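Note sheet for the following structure.
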Amino acid sequence: GPSQTITEAPRWLSTDLRDGNQALIDPMTPARKRRMFDMLVRMGYKEIEVGFPSASETDFAFVRHLIEDDLIPDDVTISVLTQAREDLIERTAQSLVGTKNGTIHLYSAVAPLFRRVVFGVGRDECRAIAVRGTELVMKYAEEYLQGTDFGYQYSPEIFTGAELDFSIEVCEAVMDVWQPEGGREIILNLPATVEMATPNTYADQIEYFGRQISRREHVAISLHPHNDRGTAVAATELAMMAGADRVEVVSAADDARLI
Ligand code: KIV
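Counting with my numbering, you get residues 9 to 267 for the letters of the sequence shown.
And the structure:
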């Protein structure tokens, strides 16, 4: 309502460096990525998604470069994106070996259009993809990332086009595997993969999600706005007022080729 105001900055993640998904035809070079990473650090980001290491040799090598050349400040957490396939998850975990703080970000589509047209699966199988992916992330994190302060993020892709109760059901099943608790949060990132409604609708979806989800104190509710309708900033502000904790943004993507 009108009494809601935003009184503090959200917890930000920069997703500027991701170009393995929604990929650029001509991806950024490692040198350009490096300049951008250094700039994002200077801007003060504490969470930076550095790429999609299983998607290309370039992205894998870039993550290794950041870690092996000790370019990540101790108070910065890097994050890497993956789909829910075992070979990709293993490679993703391998990319993080030796990092102090690292997050694996797993996503799988939950919307009915994707279930029907892309995967040809029903709700149970769709939920199982997210559950199995989470189990595999934990398995490979245990195998490769013993020395890392390790975090986990799950995104029900096309959240804005999915049945809310089904998104919640999938996130609950994912949490049953990850078992969030004090000192072991889960980031549930709720993307407007397609910005298909007015900003108040996104905010209502976020508010409902936050009210229904269990273990709320151990969940970071994260926004991932898109700007198809030109209202991403408004949607983000309303969704913050509706209870979200964290925002994933691009600060410089439009200028990426100029840096
Ligand atoms: O927009 C989107 O759905 C994404 C997911 C990978 C979170 O970027």
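The C-beta atom is built at its ideal place from N, Cα and C for all residues, glycine as well. For clarity, every value in this text was computed on a predicted model and none was experimentally measured.
Hey, could you find the ends of the beta strand (DSSP E) residue i is sitting in?
i           : result
residue 107 : Note, residue 107: premise wrong, no beta strand (DSSP E); not H, not E.
residue 220 : Unbroken run through residue 220 is the alpha helix (DSSP H), 207-220; no beta strand (DSSP E).
residue 151 : Taken as a continuous stretch (DSSP letters only), residue 151 belongs to no beta strand (DSSP E), being part of the alpha helix (DSSP H) at 131-152.
residue 19  : 19-22
residue 256 : 254-257
residue 55  : 55-59
residue 88  : 85-90
Sort out for me which residues DSSP pairs residue i with in a bridge.
i           : result
residue 43  : BP columns for residue 43 are empty, so no partner.
residue 116 : 164
residue 157 : 109
residue 199 : 232
residue 192 : 189
residue 182 : In DSSP, residue 182 forms no bridge with anything.
residue 125 : In DSSP, residue 125 forms no bridge with anything.
residue 49  : None, per the DSSP bridge assignment.
Is the separation between the beta-carbon of residue i and that of residue j shorter than 8 Å?
i           : j           : result
residue 170 : residue 129 : no
residue 145 : residue 194 : no
residue 246 : residue 208 : yes
residue 110 : residue 48  : no
residue 75  : residue 37  : no
residue 202 : residue 166 : yes
residue 168 : residue 211 : no
residue 52  : residue 88  : no
residue 180 : residue 230 : no
residue 255 : residue 20  : yes
residue 114 : residue 90  : yes
residue 92  : residue 26  : no
Along the chain, where does the alpha helix (DSSP H) that runs through residue i open and close?
i           : result
residue 73  : 65-76
residue 166 : Here residue 166 belongs to no alpha helix (DSSP H), and DSSP marks it neither H nor E.
residue 96  : 94-103
residue 244 : 240-249
Compute every distance between the C-beta of residue i and the non-hydrogen atoms of the ligand SAH, then say whether any falls below 7 Å.
i           : result
residue 239 : No copy of the ligand SAH occurs in the structure displayed; its ligands are the ligand KIV alone.
So, under 8 Å CB-CB, residue i and residue j are touching, yes? Tell me the CB distance rounded to an integer number of Å.
i           : j           : result
residue 138 : residue 116 : 5 Å
residue 56  : residue 103 : About 14 Å separates the two Cβ atoms, so there is no contact after all.
residue 185 : residue 164 : So it is not a contact: roughly 15 Å between Cβ atoms.
residue 214 : residue 252 : 5 Å
residue 160 : residue 97  : Their Cβ separation, rounded to whole angstroms, is 12 Å, which puts residue 160 and residue 97 out of contact at 8 Å.
Using 8 Å as the limit for Cβ to Cβ distance, is residue i near chain B?
i           : result
residue 202 : You won't find chain B in this structure, because it holds only one protein chain.
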